[in-house]
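Per the numbering used here, residue 17 is the first one in the sequence shown, and the count goes up by one each step. Beta carbons: idealized from backbone N, C-alpha and C, even for Gly. Presented below is the structure to which this report refers.
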Amino acid sequence: MKNKYIALAFAAGLSLTACDDTLEVSFPSNQDPALTFSNVEDATMAINGVYVKFCEDPFTSRMSNVWMQNTDVETQSPNSGRPSGGHRSDIWGLQASADVSFSDIYKAWNNCLEAIDLANQIIDGISESDIKNEAEMQQILGEAICLKSWRYLMMCNFWGDVPFYNEPAAYGQELDKPRTDKHIIYSNCLQQLVDIEPNMKFSDANTGGIERMNRDFCMGLIAKIALFRAGYGMTAEGTMKKADDYLDYQNDPQLAVTYTDMEGNAKVARSCADYYEMAKNYCQKLIELKGRALNSDYSEAFDNQVSRIVKNNAEVLFEVAFLEGKGGDVGWCIGVTNTNSKASNGTTTNQVGINPIYYMSFAENDVRRDATCSRYSHDNDTIALASGSTGMNVAKWDRYNSPYDLGSASSKGTGINWPLMRYSEVLLMLAEAENELNGPTELAKEMLTTVRARAFANSPTYAQDVTDYVNALTDKTAFFNAIVDERAWEFGGECIRKWDLQRWNNYGEKLNENIKAQMAWGIAMTPDLYNGLKDGSITTQYSELITEADKYLDWANKLYCYKPDGTKNADDLVWINSKYGMEEADVIARLPEGAKSFYSLDWGKKMLKSVTTYVYNGVEYTAKPVKSTDAETGVVTYELKKDNQTVTVTQNEDGTTDITKKMAYQRSDYATRIYRGYTGSGMYGEGVVPSYLPIGTTTISTSNVLNNDGYCFGYEDAGVNVEIGTVVTMYK
Numbered sequence: 017m018k019n020k021y022i023a024l025a026f027a028a029g030l031s032l033t034a035c036d037d038t039l040e041v042s043f044p045s046n047q048d049p050a051l052t053f054s055n056v057e058d059a060t061m062a063i064n065g066v067y068v069k070f071c072e073d074p075f076t077s078r079m080s081n082v083w084m085q086n087t088d089v090e091t092q093s094p095n096s097g098r099p100s101g102g103h104r105s106d107i108w109g110l111q112a113s114a115d116v117s118f119s120d121i122y123k124a125w126n127n128c129l130e131a132i133d134l135a136n137q138i139i140d141g142i143s144e145s146d147i148k149n150e151a152e153m154q155q156i157l158g159e160a161i162c163l164k165s166w167r168y169l170m171m172c173n174f175w176g177d178v179p180f181y182n183e184p185a186a187y188g189q190e191l192d193k194p195r196t197d198k199h200i201i202y203s204n205c206l207q208q209l210v211d212i213e214p215n216m217k218f219s220d221a222n223t224g225g226i227e228r229m230n231r232d233f234c235m236g237l238i239a240k241i242a243l244f245r246a247g248y249g250m251t252a253e254g255t256m257k258k259a260d261d262y263l264d265y266q267n268d269p270q271l272a273v274t275y276t277d278m279e280g281n282a283k284v285a286r287s288c289a290d291y292y293e294m295a296k297n298y299c300q301k302l303i304e305l306k307g308r309a310l311n312s313d314y315s316e317a318f319d320n321q322v323s324r325i326v327k328n329n330a331e332v333l334f335e336v337a338f339l340e341g342k343g344g345d346v347g348w349c350i351g352v353t354n355t356n357s358k359a360s361n362g363t364t365t366n367q368v369g370i371n372p373i374y375y376m377s378f379a380e381n382d383v384r385r386d387a388t389c390s391r392y393s394h395d396n397d398t399i400a401l402a403s404g405s406t407g408m409n410v411a412k413w414d415r416y417n418s419p420y421d422l423g424s425a426s427s428k429g430t431g432i433n434w435p436l437m438r439y440s441e442v443l444l445m446l447a448e449a450e451n452e453l454n455g456p457t458e459l460a461k462e463m464l465t466t467v468r469a470r471a472f473a474n475s476p477t478y479a480q481d482v483t484d485y486v487n488a489l490t491d492k493t494a495f496f497n498a499i500v501d502e503r504a505w506e507f508g509g510e511c512i513r514k515w516d517l518q519r520w521n522n523y524g525e526k527l528n529e530n531i532k533a534q535m536a537w538g539i540a541m542t543p544d545l546y547n548g549l550k551d552g553s554i555t556t557q558y559s560e561l562i563t564e565a566d567k568y569l570d571w572a573n574k575l576y577c578y579k580p581d582g583t584k585n586a587d588d589l590v591w592i593n594s595k596y597g598m599e600e601a602d603v604i605a606r607l608p609e610g611a612k613s614f615y616s617l618d619w620g621k622k623m624l625k626s627v628t629t630y631v632y633n634g635v636e637y638t639a640k641p642v643k644s645t646d647a648e649t650g651v652v653t654y655e656l657k658k659d660n661q662t663v664t665v666t667q668n669e670d671g672t673t674d675i676t677k678k679m680a681y682q683r684s685d686y687a688t689r690i691y692r693g694y695t696g697s698g699m700y701g702e703g704v705v706p707s708y709l710p711i712g713t714t715t716i717s718t719s720n721v722l723n724n725d726g727y728c729f730g731y732e733d734a735g736v737n738v739e740i741g742t743v744v745t746m747y748k
């Protein structure tokens, strides 16, 4: 029965026809709306047509996960050089300024507006229907409003202020609309969600369960959008502001939402504080009306998705339904890597990575780390190790573990569903909203404790990891920072971090912290550089890194692992160390009985890049000196070559050569590229993080009112590997 309704929509086509170009109406609907919405069956087919838009490429990989990088959690490194001017990697590197003509951006824009128009047709059609008050029609109406609201949430987070369409496209209607402020869009969507929510069905009563939008999800979505309405967004001037900072929120009815609070009182949300209150109310309402425990096993929700098991009234509130072969890139562009032609369940083209500092941020006993961060991959169905700390992928979805025979030639279309919201997010949204309003109250701490309790359920230091940790959060700022961290640990790989950092306005802060940590960790793992910086024999313009490096001295330079030959099971891997450093002698002592060898992954070593040159008589040579020994005299000489000229240097009696070896340590290529559009040529970025996409050239060319003036789309330079310091020694 899984995905039955999406399958029907694919088979029958869309009941309503969306316009090919959102600025032109080329033909009317295939079926009279009065007929479509005169019965539940046709109305169901119509709503399924909106769900099918999720199954197209702009969402299945682009908007759902691949474009949701680069953050301090999900990170993929672009190639070297300047932006390619039309590639997803430009978005990874925060350089979408070069992508105005990128067809994928144009397609994503249209995909959203087509889904919105289809939803508007359903909303309008049901409002005119003679059976609009029937329970199933109200449920379909609620789904249409939820789908429309989610699409606008996506558009506002990808493009900022966008055109707002609140009614279906019609012949003769002016569709060429300018941008509408995102906060007005949020308020409008919230009012529609609030009005329909009581008439929707909970997932365990709704046909299609969590694969169709339901009342559980609707309440969570209200809370989520309310937090965005309360938070920051980028203005046309390229600054980050809340609505209260620049809009007439007290007098503009477009910025107000009327709702009923938990006590049955009518409330009007206008200010940012009001919207935090609204978010709190709807989280509490969901907990009161349809609360549930978190799965005892953190990985269960993701394992269920890989196994195509759908559980209603459980941890997932809504997940996008994908059919095998019909959309669905989970396990292909995101998930554990599978390579080579003999992979029984097909291969991947992994485009979502895990940031090494994020991995290292986890406490050792937090089960979410290894459930989220994959230090291994599959190579022809055997277990291989990741290519060091910068080569990790998302562990939550592994196509190799699918119980279905996907076939060795398969790639996309895995049939693995994609989650849009889990119940743990409701708990953390409540904790966040309560803290914003009243500080770290018992309610806020209870919600945070519930989430951490599962993560550390089997920890030998549970009290320290959970009770003591939460109790130590005694002020609003400390608790907010804990929420920022907890959402990273809880939702890693689910690709919601980018939007969180935008609404909190701490995106740049987190990227700079990440770059600083990478470089400091690398320094701590490089004794010659670290010691020279500490004693002052090596100078650097980034002196703050010297003290920072002290924090990472016990972190790992390598991770060591025992891997039985030919194993196909990731559970067979025995990690000797997972975070902290270890001497190889201790590694050998800890190997399982009978094990004779071990594998290692470069970990901290990946954080810096070294460039070696050789200096003689004031001339710098890039090639290593070529050593030769005269068989008769025993004289040792070295040849240095530059510009087709060769210089011969004779070794001194004490074994020195008068050649100086210089090792210039720099920020790694990985660190330079991942935030290239924000950092520019400096060490850290400044100002607003360029996280928005430009509107595509094709869209702008057909519009008289849309443009890409203002906002902030990123620097277009190639990035510079900032030099930290140089270790100079005599070459022998």
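Exposed or buried, which one is residue i when buried takes at least 16 other CB atoms within 10 Å?
i: K258; result: buried
i: Q111; result: buried
i: I399; result: buried
i: C728; result: buried
i: M229; result: buried
i: P419; result: exposed
i: L436; result: buried
i: P194; result: exposed
i: E340; result: buried
i: D177; result: buried
i: N64; result: buried
i: Y262; result: exposed
i: N55; result: exposed
i: K641; result: Note on residue identity: the sequence assigns Pro, not Lys, to residue 641. Buried, by the Cβ-count rule.
i: P543; result: exposed
i: T555; result: exposed
Using a Cβ-Cβ distance cut-off of 8 Å, determine whether residue i contacts chain C.
i: N660; result: No chain C appears in the structure shown, which is made up of a single protein chain.
Beta carbon of residue i: closer than 7 Å to some heavy atom of the ligand NAP?
i: T274; result: Judged by which ligands are present, the structure shown has none, so any question about the ligand NAP falls away.
DSSP three-state call for residue i: helix, strand or coil?
i: Q661; result: strand
i: R195; result: coil
i: I201; result: helix
i: V56; result: helix
i: G634; result: coil
i: W434; result: strand
i: M541; result: coil
i: S393; result: strand
i: D313; result: coil
i: M153; result: helix
i: F495; result: helix
i: V116; result: coil
i: V352; result: coil
i: G369; result: strand
i: F318; result: helix
Flag this pair as yes or no: are the beta carbons of residue i and residue j separated by less than 8 Å?
i: G429; j: G508; result: no
i: Y596; j: W619; result: no
i: G101; j: D115; result: yes
i: L617; j: Y578; result: no
i: M79; j: F174; result: yes
Quick one: residues in its chain with C-beta nearer than 7 Å to the C-beta of residue i, no 5 flanking neighbours on either side, listed in chain order?
i: T629; result: E636, Y637, T638 and K678
i: I562; result: L549 and K550
i: A447; result: A460, M463, L464 and I499
i: T92; result: Residue identity differs from the one stated: residue 92 is Gln in this sequence, not Thr. Only Q85, N86, W108, Q367, V368 and G369 meet the Cβ criterion.
i: A28; result: No answer about A28 holds up, because its pLDDT of 49 lies below 50 and its placement is not dependable.
i: Y392; result: I399, A400, L401, A402, A586 and L589
In its own chain, which residues sit with a C-beta less than 6 Å from the C-beta of residue i, not counting the 5 before and 5 after it?
i: T666; result: T653
i: D37; result: Caution is warranted here: a pLDDT of 36 is assigned to D37, below 50, making its placement in the model unreliable, and no coordinate value can be reported.
i: E739; result: A680 and Q682
Leaving out the 5 sequence neighbours to the left and right, which residues in its chain are closer than 8 Å to residue i when beta-carbon positions are compared?
i: M445; result: G236, A239, K240, L243, A295 and C299
(message) For the region 198-207 against the region 298-315, do three or more pairs of beta-carbon atoms, one drawn from each stretch, fall closer than 8 Å, so that the two count as touching?
(response) With a cut-off of 8 Å, the region 298-315 and the region 198-207 do not count as touching, because too few Cβ pairs lie within range.
(request) Tell me, please, whether the region 210-223 touches the region 320-335 by the rule of three or more beta-carbon pairs shorter than 8 Å. (result) Short answer: they touch.
(message) Closer than 8 Å is the cut-off here; do at least three beta carbon pairs connect the region 148-167 with the region 127-140?
(response) Cβ pair count under 8 Å is three or more, so yes.
(message) Three Cβ pairs or more, each shorter than 8 Å: is that satisfied between the region 716-734 and the region 695-704?
(response) Judged by Cβ distances under 8 Å, the region 716-734 makes contact with the region 695-704, as three or more pairs qualify.
(request) Check whether the region 379-395 touches the region 404-419, taking contact to mean three or more Cβ pairs, one atom from each stretch, closer than 8 Å. (result) Note that the region 379-395 touches the region 404-419; at least 3 beta-carbon pairs, one per stretch, sit closer than 8 Å.
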